[in-house]
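K.L.:
Here it is: the structure, laid out below.
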Amino acid sequence: MSDSISVVGHAAIDFLFDVEGISGPNESNPIVDYQRFYGGGAANIVAAISILGGRSQLISAVGDDFSTSGYESYLESLGVDLSLLFRLKGEKGTAAYVFTDPFHNQSTYFYWGASAKLKELEPPEVDFVHLATSESNFNAKIAKKAKFVSFDPGQDLVTYTRENLEIVLENTDILFTNKYEIKRVCEMTESTFEDIRAQIDVVVVTYDADGSKIFTADAEHEIPIVPVNALDPTGAGDAYRAGFLVSYRRGYPLDSCGRVGATVASFAVGSVGCQTDLPTWDDMVVRYESHFGAFPSLDG
21 MSDSISVVGH AAIDFLFDVE GISGPNESNP IVDYQRFYGG GAANIVAAIS ILGGRSQLIS
81 AVGDDFSTSG YESYLESLGV DLSLLFRLKG EKGTAAYVFT DPFHNQSTYF YWGASAKLKE
141 LEPPEVDFVH LATSESNFNA KIAKKAKFVS FDPGQDLVTY TRENLEIVLE NTDILFTNKY
201 EIKRVCEMTE STFEDIRAQI DVVVVTYDAD GSKIFTADAE HEIPIVPVNA LDPTGAGDAY
261 RAGFLVSYRR GYPLDSCGRV GATVASFAVG SVGCQTDLPT WDDMVVRYES HFGAFPSLDG
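Numbering (the numbering used here) for the sequence shown: 21 to 320.
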């Protein structure tokens, strides 16, 4: 599986609730509606990679409900390799509960479930791995084993010790962060952004509606968003990373990888749920060309 992209992190069930108000202590509010979606950063990414036509492999700790929920059969139907899953008997799976009021205020609760056991497990050796939000000790161990590492600390950055973060960064070839996380990475490691840029071959920083920037030691690429009617921004980052990594793995230049990422993200935000409307490669190319012009050829 030399061209496969292994992805470490969560496979979660997302429960999204529309409520009349966000409750304070000892308060209750009616639930207007709720929906259930497949989610979890790593699972979102492998799903998007596979739908784009790439080869993906999920490395995650899952509970008994991974199968009974239908998540396992769904990912198998996409062609995701599940051979390196840690299947933990008697454990519940990872879940997220997101409550949103009419003014778009949110309250979120995250249940780690089986994912919390990753710190006790020994990671496999893989060639090309993307470390999504996951257990920091496990990520530090697998980063030392892998031949090529892409790293996205995400909201789990706060769980890293300085030692674990530095271990991962020392082995990272591509770093993905948003504009807040890159500042935190610098603070935790007592580094400047230029230090990080000099240490890691490719640094990708996202800036919400202002798009993203791709930094190397001696170059910088600005990537605008692909404007659409956005209904749910939740899965945009995962979709961007999937698009970037598939095109990077296929040998496209960095600026094209960023544009592919932005294009895939535009599909994800157009529907509620992180995996609801992910594009095929051909669908992505059509939208890419309508926004960025002719899609680049690898034939020169």
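Backbone N, C-alpha and C fix where the C-beta goes; we use that ideal spot for every residue, glycine too.
What residue does the alpha helix (DSSP H) around His311 start on, and which one ends it?
P.N.:
By one-based count along the sequence shown, residue 311 stands at place 291. That run of the alpha helix (DSSP H) goes Trp301 to Phe312.
K.L.:
Can you tell me whether Asp228 is helix, strand or coil according to DSSP?
P.N.:
Residue 228 sits at position 208 when you count from the first residue of the sequence shown. Of the three classes helix, strand and coil, the one that applies to Asp228 here is helix, per DSSP.
K.L.:
Determine the DSSP secondary structure at Leu189, reduced to helix, strand or coil.
P.N.:
Here residue 189 refers to the residue found at position 169 when the sequence shown is read from its first residue. In the structure shown, Leu189 sits in a helix (DSSP, three-state: H, G or I).
K.L.:
Starting from Tyr94 and walking both ways along the alpha helix (DSSP H), at which residues does that stretch end?
P.N.:
The residue you call residue 94 lines up with position 74 of the sequence shown. Its alpha helix (DSSP H) spans residues Tyr91 to Leu98.
K.L.:
Have a look at the DSSP bridge pairing and note the partners of Leu151.
P.N.:
If you number the sequence shown from 1, residue 151 lands on position 131. DSSP lists Val28 and Phe171 as partners of Leu151.
K.L.:
Under three-state DSSP, which class holds Leu274?
P.N.:
By one-based count along the sequence shown, residue 274 stands at place 254. Reduced to three states, the DSSP call for Leu274 is helix.
K.L.:
Opposite Glu47 in the DSSP bridges: which residues?
P.N.:
Here residue 47 refers to the residue found at position 27 when the sequence shown is read from its first residue. In the DSSP output, where bridge partners are listed per residue, Glu47 has none listed.
K.L.:
Relative to the C-alpha of Arg337, which residue among Val289, Leu95, Ala62 and Ala134 is closest?
P.N.:
Because the chain is modelled from 21 through 320, residue 337 falls outside the range shown and cannot be assessed.
K.L.:
Rounded to a whole number of angstroms, what is the C-alpha to C-alpha distance between Ala115 and Trp132?
P.N.:
Walking along the sequence shown from the start, residue 115 turns up at place 95. Walking along the sequence shown from the start, residue 132 turns up at place 112. Rounded to the nearest angstrom, the two C-alpha atoms are 7 Å apart.
K.L.:
Tell me whether the region 217-226 and the region 187-204 touch, counting them as touching only if at least three CB pairs, one residue from each stretch, are closer than 8 Å.
P.N.:
Contact between the region 217-226 and the region 187-204 is present, because at least three Cβ pairs lie under 8 Å.
K.L.:
Can we say the region 58-78 touches the region 25-38, given the rule of at least three CB pairs closer than 8 Å?
P.N.:
Yes, since at least three Cβ pairs between the region 58-78 and the region 25-38 fall closer than 8 Å, the two stretches touch.
K.L.:
So, with DSSP's three-state summary, where would you put Tyr180?
P.N.:
Position 160 of the sequence shown, counted from the first residue, corresponds to residue 180. Tyr180 falls in the coil class under three-state DSSP.
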